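K.L.:
Here the protein sequences line up with chains E and X, keeping their order.
Numbering-wise (our numbering), the first sequence opens with residue 21 and increments by one.
Numbering-wise (our numbering), the second sequence opens with residue 301 and increments by one.
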Amino acid sequence: AQSVTQPDIHITVSEGASLELRCNYSYGATPYLFWYVQSPGQGLQLLLKYFSGDTLVQGIKGFEAEFKRSQSSFNLRKPSVHWSDAAEYFCAVGGAVGGSNYKLTFGKGTLLTVNP
Amino acid sequence: EADIYQTPRYLVIGTGKKITLECSQTMGHDKMYWYQQDPGMELHLIHYSYGVNSTEKGDLSSESTVSRIRTEHFPLTLESARPSHTSQYLCASRPDSSGANVLTFGAGSRLTVL
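#1: Could you name the residues of the stretch 93 to 113 of chain E whose beta carbon sits closer than 9 Å to any beta carbon of chain X, in the order they occur along the chain?
#2: Verify the CB distance criterion: does residue 39 of chain E have a CB-CB separation below 8 Å to chain X?
#3: Does residue 93 of chain E come out as helix, strand or coil in the three-state DSSP assignment?
#4: Is the stretch 312 to 330 of chain X touching the stretch 384 to 398 of chain X in the sense that three or more CB pairs, one from each, lie closer than 8 Å?
#5: Within 8 Å of any Cβ in chain E, is that where the Cβ of residue 360 of chain X sits?
#6: I want to verify the contact list: residues of chain E whose CB lies under 7 Å from the CB of residue 406 of chain X, in sequence order.
#7: Return the CA-CA distance between residue 77 of chain E and residue 348 of chain X, expressed in angstroms with no decimal places.
#8: Would you be able to state if there are at least three C-beta pairs under 8 Å between the stretch 308 to 325 of chain X and the stretch 369 to 383 of chain X?
#9: According to the neighbour-count rule (16 or more other Cβ atoms, all chains shown, within 10 Å of its Cβ), is residue 113 of chain E buried or exposed?
#10: Could you give the distance in angstroms between the alpha-carbon of residue 110 of chain E and the alpha-carbon of residue 344 of chain X?
#11: Look up residue 30 of chain E in the DSSP assignment and say whether it is helix, strand or coil.
#12: Starting from residue 322 of chain X, find everything on chain E with Cβ-Cβ shorter than 9 Å and list it in chain order.
#13: Which partner residues does residue 334 of chain X have in the DSSP bridge list?
#14: For the beta strand (DSSP E) containing residue 313 of chain X, list its first residue and its last residue.
#15: Please state the DSSP three-state secondary structure of residue 384 of chain X.
#16: Report back the beta-carbon spacing between residue 53 of chain E and residue 390 of chain X to the nearest angstrom; my notes put them in contact at under 8 Å.
#17: Can you grab the Cα-Cα spacing for the pair residue 81 of chain E / residue 132 of chain E, in whole Å?
#18: Taking 8 Å as the threshold (beta carbon to beta carbon), is residue 366 of chain X in contact with chain E?
#19: Does the beta-carbon of residue 363 of chain X have 16 or more other beta-carbons within 10 angstroms, so that it is buried, or is it exposed?
#20: Could you check which residue in E/66, E/86, E/97 has the C-alpha nearest to that of residue 33 of chain E?
#21: Whole angstroms are fine: how far does the CA of residue 59 of chain E sit from the CA of residue 313 of chain X?
#22: Does any residue of chain B bring its CB to less than 8 Å from the CB of residue 81 of chain E?
#23: Is DSSP giving residue 118 of chain E helix, strand or coil here?
#24: Are the beta-carbon atoms of residue 46 of chain E and residue 93 of chain E separated by less than 8 Å?
Structure representation (structure tokens):
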């Protein structure tokens, strides 16, 4: 069974500081990996995705993530956090499109607070 | 700009009432999903559809039902709401093409049952 673990429930950083949000996954084959962000009262917005190829993936809003197969990780990073980045971040893992059992499994999320 | 719309955004209702949460998308996506989201918990898939007249139950058992009569609509219904149904419900969709298994989410419907 596929699963996602986000070890940090809540992270607080100062504006301008660097950020890394951790994500570990369990999946029996080559995974498709995603990071979504959710602002209060909103749905989930895709930040970036990894399907194949370069293991360092660039996303929107200056975020990047690195796929490390040996560590089963897909950590999200940003060099300098802005106050508007305060939100909840969800990591997700899924399988190949077209499979009858395709589904996206989400972690429990990491709430990011940004101090001025 | 969201191309998937959910109504109502917020609903407070009494126990025993019937409610329908609407979800519409304008992208022509075949695949649609309903997720239930509670604070501090992962999103749980409760229903999905691979096209018109196709509906399946997800991983989390739910007393809600869904229908898919038209490609663009995927409403969720609770025949008799209970306080345990209080949650946020997120609708999502994706196209049916290889390599494009990226979900687009609506803004959610937050349901409170008193």
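We put the CB at the ideal spot given by N, CA and C, even for glycine.
Predicted model, so just to flag it, every value in this text is computed and none were measured.
P.N.:
According to the structure shown:
#1: Closer than 9 Å at the C-beta level to chain X, one finds these residues of the stretch 93 to 113 of chain E: 110, 112.
#2: Not an interface residue.
#3: Note: residue 93 of chain E maps to strand in three-state DSSP.
#4: Contact between the stretch 384 to 398 of chain X and the stretch 312 to 330 of chain X is present, because at least three Cβ pairs lie under 8 Å.
#5: No - not a single Cβ of chain E is within 8 Å of the one on residue 360 of chain X.
#6: Per Cβ cutoff of 7 Å: 63.
#7: Their Cα atoms are separated by approximately 29 Å.
#8: Contact holds: three or more Cβ-Cβ distances are below 8 Å.
#9: Buried is the call here.
#10: Approximately 13 Å, taken between the alpha carbons.
#11: Residue state, collapsed to three classes: strand.
#12: Chain order gives no chain E residues near residue 322 of chain X, where near means a beta carbon separation below 9 Å; the closest approach is about 14 Å.
#13: Within the DSSP secondary-structure output, residue 334 of chain X pairs in a beta bridge with X/347, X/391.
#14: Unbroken beta strand (DSSP E) run through residue 313 of chain X: 310 to 313.
#15: DSSP, read as helix, strand or coil, puts residue 384 of chain X in helix.
#16: About 19 Å separates the beta carbons of residue 53 of chain E and residue 390 of chain X, which is beyond the 8 Å limit, so they are not a contact pair.
#17: Going from the Cα of residue 81 of chain E to the Cα of residue 132 of chain E covers about 15 Å.
#18: When Cβ-Cβ separations below 8 Å define contact, residue 366 of chain X makes no contact with chain E.
#19: Residue environment for residue 363 of chain X: exposed (fewer than 16 other C-beta atoms within 10 angstroms of its C-beta).
#20: The option with the nearest alpha carbon to residue 33 of chain E is E/97.
#21: If I take the Cα positions, the gap works out to 25 Å.
#22: The structure shown contains no chain B; the protein chains it does contain are E and X.
#23: No answer about residue 118 of chain E holds up, because its pLDDT of 48 lies below 50 and its placement is not dependable.
#24: No, these two residues do not count as a Cβ contact at 8 Å.
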